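**Student:**
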Amino acid sequence: MTHPYKIGEKVGLYSENLPEHNGQYTIEAIIEANEDFECRLTGEIIYTSEGHAYILDTPLVDLIECDGVEVLWLEESLRKIQEIGDMDYKELMTSLKNSVLEWT
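Heads up, the sequence shown is in this note's numbering, so the first residue is 78 and it goes up one at a time.
Take a look at the structure:
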């Protein structure tokens, strides 16, 4: 199964429910539906019942539930991190202009 995020990819976490954890992380693992994963904090077995979920490089817990088990993250809470290019603005515009000219 293909996923929009890959293991090792840097992502932005933007959670409406747990905004205290928002920030930049790396995808550590992808958990498929009903696949067991051992919580790195408590050793308890956790899983997602539908689709898939992501484990980040830093185990984060829901302080409201306060059960100490790390949170599995869904795609809606994650965003792609745009890599900074090595071209300056003028070089980028020239490159784009040349690409358009090649297509016409």
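C-beta: ideal position from N, C-alpha, C; glycine also.
Computed from a predicted structure; not experimentally measured.
Which runs of the alpha helix (DSSP H) spanning at least 4 residues fall entirely within the region 103 to 162, listed in chain order?
**Tutor:** For the region 103 to 162, not a single whole alpha helix (DSSP H) run of length 4 or above is found.
**Student:** Which two residues bound the contiguous alpha helix (DSSP H) that contains L173?
**Tutor:** Taken as a continuous stretch (DSSP letters only), the alpha helix (DSSP H) holding L173 covers 166 to 180.
**Student:** Just to confirm the assignment, what range does the beta strand (DSSP E) spanning L90 have?
**Tutor:** That run of the beta strand (DSSP E) goes 87 to 90.
**Student:** In its own chain, which residues sit with a C-beta less than 7 angstroms from the C-beta of G92, not counting the 5 before and 5 after it?
**Tutor:** In the sequence as presented, Gly is not what sits at residue 92; that position holds Ser. So the qualifying residues of the chain are H98, N99, S154.
**Student:** I believe L149 touches T119 by the beta-carbon criterion, under 8 angstroms. Please report the beta-carbon distance rounded to the nearest angstrom.
**Tutor:** At roughly 14 angstroms, the Cβ-Cβ gap does not stay under 8 angstroms, so L149 and T119 are not in contact.
**Student:** Buried or exposed for V88, going by 16 or more other Cβ atoms inside 10 Å?
**Tutor:** By the neighbour-count rule (16 or more Cβ atoms within 10 Å), V88 is buried.
**Student:** Comparing C-alpha positions only, which one of P136, N175, L95, T171 sits nearest to F114?
**Tutor:** The shortest Cα separation from F114 among P136, N175, L95, T171 belongs to P136.
**Student:** Inspect the beta-carbon positions of G85 and I104 and report whether they are closer than 8 angstroms.
**Tutor:** Yes.
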